[in-house]
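Student: Sharing a structure here in structure tokens format.
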């Protein structure tokens, strides 16, 4: 059973896709699939690219509390990350997280008008699989 963030990161290696859940302006929950863009060495922070006028970005502007849901079949594992999300359009901040494969959605790369990056800093991580656990991160 993972006892540290490093142990949990080992289990999460290779888990690129997740569901990002935000709270909408009407108080409902909204989820959408997101990719870590290949950054799967989990350190408690996740980065995602989206459009500044997307529902996710608009929700985060109003309520920074989000949840990320990861799942894997081998090993059987569910992970829920509760955290605080922020948005940035600052190119030097986004650049280390950019992957060329993202140009399929953002044609002009980091110069794409309306591009924004969501950063989620984990506060708590829960997991269920062969064993269950929880880490408080802040």
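Numbering (the numbering used here), first residue to last: 176 to 313.
Every residue, glycine too, gets a C-beta built ideally from N, C-alpha and C.
Just tell me which of 311, 294 and 200 has its CA closest to the CA of residue 261.
Tutor: Among 311, 294 and 200, the Cα nearest to that of residue 261 is on 294.
Student: Mapping DSSP to helix, strand and coil, what is residue 259?
Tutor: Strand.
Student: Extract the residue ranges of the beta strand (DSSP E) inside the stretch 207 to 239, only unbroken runs of 3 or more that lie entirely within it.
Tutor: Entirely contained in the stretch 207 to 239, the beta strand (DSSP E) runs reaching 3 residues are, in chain order, 220 to 226.
Student: Would the beta-carbon of residue 292 fall within 8 Å of that of residue 245?
Tutor: Their beta carbons are not under 8 Å apart, which means residue 292 does not touch residue 245 by this criterion.
Student: Beta strand (DSSP E) containing residue 297: first to last residue?
Tutor: Looking at the DSSP string, the run of the beta strand (DSSP E) that includes residue 297 is 290 to 304.
Student: For residue 253, which beta-bridge partners are listed by DSSP?
Tutor: 246 and 303, per the DSSP bridge assignment.
Student: Hey, residue 301 and residue 309 are a contact pair by Cβ (cut 8 Å); roughly how many whole angstroms apart?
Tutor: Contact holds; Cβ gap of about 5 Å.
Student: With DSSP collapsed to three states, give me the class of residue 284.
Tutor: Correct three-state label for residue 284: helix.
Student: Say whether the stretch 232 to 245 touches the stretch 181 to 197, bearing in mind that this needs 3 or more beta-carbon pairs closer than 8 Å, one atom from each stretch.
Tutor: Yes, they touch.
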